[in-house]
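Comments concern the structure below.
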Amino acid sequence: NIYLFYIIYVVAIYLDFIVVLIANTINMPIEYLVYNHYKKKALRHLEESNALVVGITGSYGKTSTKNFLYDILSTKYSVLKTPKNYNTRYGLIRTINSELNRFDDFFIAEMGAFKRGSIKKACELVHPKYGIITTIGTAHLETFKSEENIRKGKFELIDSLDNNGFGILNMDDPKQANYQVNNTKIYYVSLNNSNADVYAFNIKVSDAGLTFNVRFKGNTKSHLFNTKILGMPNLYNILEAIAFCYYIKMPIKDIIKGVSKIKPIEHRLEIKKVGNFTYLDDAYN
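All residue numbers in the sequence shown are consecutive under my numbering, ending with 335.
Here is the structure:
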């Protein structure tokens with residue numbers, strides 16, 4: 051009977067929904083208990099470690115900036131970074147529990163977000179002393195609902211820093227330059243404004259990478275840097291890493307050395323050579 055078939059079909063669909071609903075209802079408290087267990091374990095690891103936490107967020111460039119900063123700091127310090135794209139609270143907890151040790155000087159925590167409040171919750175977990183915002187764009191606009199929500203969501207990192215904290219922003223990004231920051235110390239980086247705290251100029255591109263001069267605010271002397279990395283967005287990311295290292299008083303010669311040793315990120319404007327041919331591998335993008 052065709053009617054009986056449709057009745058059974060409809061009942062089966064609703065039964066499927068009910069089974070999933072019941073399973074989810076049973077699972078939720080169990081998931082919460084498991085999450086809470088590993089969260090408490092991560093908090094204990096953080097308390098036992100001397101590592102200073104550097105939070106990095108933005109719509110684009112988070113992973114690149116994290117890797118660039120890691121490469122520079124690692125020439126002088128013991129540094130842990132979140133691996134790959136581990137930029138959620140679960141990723142932070144897993145990294146802390148499995149890799150953080152009491153001898154690490156810095157923990158670089160990449161922080162991603164799909165909606166307002168995500169970065170704030172990540173900060174409540176790891177309590178960053180330092181914060182870096184890369185580029186603010188329109189990524190995840192469908193969940194943030196507006197560009198202003200995206201901006202406020204990213205600035206949850208800077209807003210979480212206390213009076214002894216330190217943040218780095220991009221002066222050439224209007225969404226960052228116009229934001230009212232409270233009492234946190236801020237360094238601005240720029241390729242266009244010589245009044246920035248860290249200003250890059252005389253930029254030259256070749257098949258070997260980038261060379262550029264950097265002048266720090268209050269110092270008339272400039273310093274020559276070279277890197278195998280290409281792309282103006284990447285130059286901003288490198289500048290923010292340089293600004294951080296300069297703030298913590300890492301010697302300039304060590305920063306220059308660190309920048310020269312930055313490793314290209316696989317498949318992201320990566321310079322490759324085969325015989326007499328030079329080509330760019332930008333497959334990731």
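All C-beta atoms in this analysis are idealised placements derived from N, C-alpha and C, irrespective of residue type, glycine included.
- Task: Would you mind reading off the limits of the beta strand (DSSP E) that contains residue 272?
- Result: 272-277
- Query: Would DSSP call residue 329 helix, strand or coil?
  - Reply: strand
- Message: Quick check: residue 116 and residue 139, are their CB atoms within less than 8 Å of each other?
- Response: no
- Query: At what residues does the beta strand (DSSP E) containing residue 131 begin and finish?
  - Reply: 129-131
- Query: Do the region 174-194 and the region 282-302 touch if we need at least three Cβ pairs shorter than 8 Å?
  - Reply: The answer is yes - the region 282-302 touches the region 174-194, with three or more Cβ pairs under 8 Å.
- To the nearest angstrom, how far is it from the Cα of residue 263 to the Cα of residue 273? 5 Å
- Task: Label residue 118 either buried or exposed according to how many other C-beta atoms from any shown protein chain fall within 10 Å of its C-beta, with 16 as the threshold for buried.
- Result: Flag for residue 118 reads buried.
- Message: If I measure Cβ to Cβ from residue 313 and keep anything under 7 Å in the same chain, skipping five residues before and after, which residues do I get?
- Response: 121
- Query: Candidates 242, 278, 63 and 143: which alpha carbon is nearest residue 174's?
  - Reply: 143
- Item | Given 8 Å, three or more beta-carbon pairs between the region 308-326 and the region 122-139 | yes
- Sequence-distant residues of its chain with Cβ nearer than 6 Å to residue 92 (five each side left out): 143, 146 and 147
- Item | residue 221 classed as buried or exposed, judged by whether at least 16 other C-beta atoms fall within 10 angstroms | Result: buried.
- Task: Please name the residue or residues paired with residue 159 in a DSSP beta bridge.
- Result: 105
- Query: If you check the beta carbons only, do residue 152 and residue 99 fall under 8 Å apart?
  - Reply: yes
- Message: Please return the same chain residues whose Cβ sits closer than 8 Å to the Cβ of residue 203, not counting the five positions on each side in sequence.
- Response: 163, 165, 166, 167, 168, 169 and 194
- Message: For residue 252 and residue 97, I'd like the C-alpha separation in whole angstroms.
- Response: So the alpha carbons of these two residues sit roughly 44 Å apart.
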